[in-house]
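Shown next, in structure tokens, is the structure this report addresses.
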Amino acid sequence: MNPLNCIIVDDEDGAHLVIEHHLNGLQSLNLCGSFFNAKDAMDYLYKNPIDLIFLDINMPGLTGMEMLAAMNHPPLVILTTAYSEFALESYKYQVVDYLIKPISLSNFLSAIDKAISRFKPIGFLPTQEQPLSPIEWLTLKVDGDYIRITTDKIEYIQSWGNYVKVFTDGHFLLSPITTNEIEQKLDILKFIRIHKSYIVALDQIKKITGNRLYLMNDTVIPIGTTYRKQLLERLN
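Oh and the sequence shown: position 55 is 55 in UniProt numbering, straight run, nothing missing.
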């Protein structure tokens with residue numbers, strides 16, 4: 001596959017430097033331009049087809065969200081921001097990922113994997129060999145090895161100190177990563193935090209009774225008070 005053509009849209013010099021540093025040496029992406037405001041980026045996009053945008057949210061003038069709303073057929077978008085409160089609003093734009101600054105290399109590479117798996121060239125028509133829903137992968141460090149698993153196999157994730165347990169098909173993998181860190185690697189359209197110690201796959205939710213959530217395999221998980229409203233909004 002040819003490299004994805006991408007641009008950076010951010011009003012901060014430091015953000016450009018971090019993303020450019022992470023892009024250095026990646027054969028899968030081709031940086032075509034860097035813009036410090038949304039208007040200049042929109043002018044460029046009008047004449048130049050782009051596959052992926054690294055888009056800041058808080059910018060003077062036209063914000064990142066306003067830029068997204070103004071595009072009828074936006075390319076793939078990875079949002080970059082220092083704030084987490086825009087995550088819910090970003091769902092309706094089906095962004096690839098939502099990266100919190102400062103952006104770590106591991107979270108950046110995970111977002112790139114998602115973008116590549118979701119990318120469809122112009123004129124692409126799915127066939128039986130090319131499914132509409134691409135397989136997405138998560139790389140976990142387990143006992144010193146690096147193991148890749150498909151995210152559609154994940155049922156839920158439980159915090160375990162400075163580790164997490166990732167449950168798949170009745171088994172779990174123990175990885176030295178925090179719940180906050182692994183949450184940033186997951187597709188925000190497919191997973192949701194329901195407790196400070198638990199993340200669940202939306203398609204695994206069977207029912208909610210009181211402050212308890214039941215998965216399809218009848219595992220019972222507590223719902224945190226601060227997460228309940230967001231959970232019900234997503235399910236409705």
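Even glycine gets a Cβ: it sits at the ideal position worked out from N, Cα and C.
Tell me whether residue i sits in a helix, a strand or coil according to DSSP, three-state version.
| i | result |
| --- | --- |
| I135 | The pLDDT assigned to I135 is 47, lower than 50, so where the model puts this residue is not dependable; a value taken from the coordinates is nonetheless given after this. Residue state, collapsed to three classes: coil. |
| V95 | coil |
| N107 | helix |
| L125 | With a pLDDT of only 41 at L125, under 50, the local geometry of the prediction cannot be trusted, and the value read off the model is given with reservation. Three-state result, L125: coil. |
Roughly how many whole angstroms lie between the Cα atoms of residue i and residue j?
| i | j | result |
| --- | --- | --- |
| T179 | E233 | 22 Å |
| R148 | T226 | 32 Å |
| Y98 | S84 | 9 Å |
| G61 | D11 | 10 Å |
| N58 | T81 | 7 Å |
| F36 | D43 | 12 Å |
| N5 | F86 | 26 Å |
| I103 | N24 | 15 Å |
| I7 | A201 | 31 Å |
| D56 | Q94 | 15 Å |
| D218 | E89 | 31 Å |
| Q130 | E66 | Note on Q130: pLDDT 42, under 50, position unreliable in the model; the coordinate value appears next. Each residue's Cα considered, the two are about 33 Å apart. |
| I208 | A15 | 41 Å |
| N48 | G144 | 44 Å |
For residue i, does the count of other Cβ atoms within 10 angstroms reach 16, so buried, or fall short, so exposed?
| i | result |
| --- | --- |
| K71 | In the sequence under discussion, the amino acid at residue 71 is Met, which differs from the Lys named in the question. So M71 counts as exposed. |
| G64 | buried |
| H171 | exposed |
| K114 | buried |
| R212 | exposed |
| K185 | buried |
| T151 | buried |
| V142 | exposed |
| A69 | exposed |
| V96 | buried |
| L45 | buried |
| V9 | buried |
Please say whether residue j and residue i have beta carbons closer to each other than 7 Å?
| i | j | result |
| --- | --- | --- |
| M51 | P74 | Just to set this straight, residue 51 is Asp in the shown sequence, not Met. No, the Cβ-Cβ distance between D51 and P74 is not below 7 Å. |
| E181 | I199 | no |
| I188 | T168 | no |
| A111 | I78 | yes |
| M216 | K229 | no |
| V166 | I177 | no |
| H22 | F119 | no |
| L31 | P3 | no |
| L138 | L173 | no |
| K190 | G224 | no |
| I19 | F54 | yes |
| L231 | I194 | yes |
| S117 | E136 | yes |
Report the residue ranges of all beta strand (DSSP E) runs contained in full by the UniProt domain "HTH LytTR-type" (138-236); include only those spanning at least 3 residues, in chain order. Fully enclosed beta strand (DSSP E) runs of 3 or longer: 145-150, 154-160, 163-168, 171-175, 191-195, 198-201, 205-209, 212-215, 220-222.
In chain order, each beta strand (DSSP E) run of at least 3 residues that lies wholly inside the region 23-75: DSSP runs (the beta strand (DSSP E)) wholly in the region 23-75: 29-35, 52-56.
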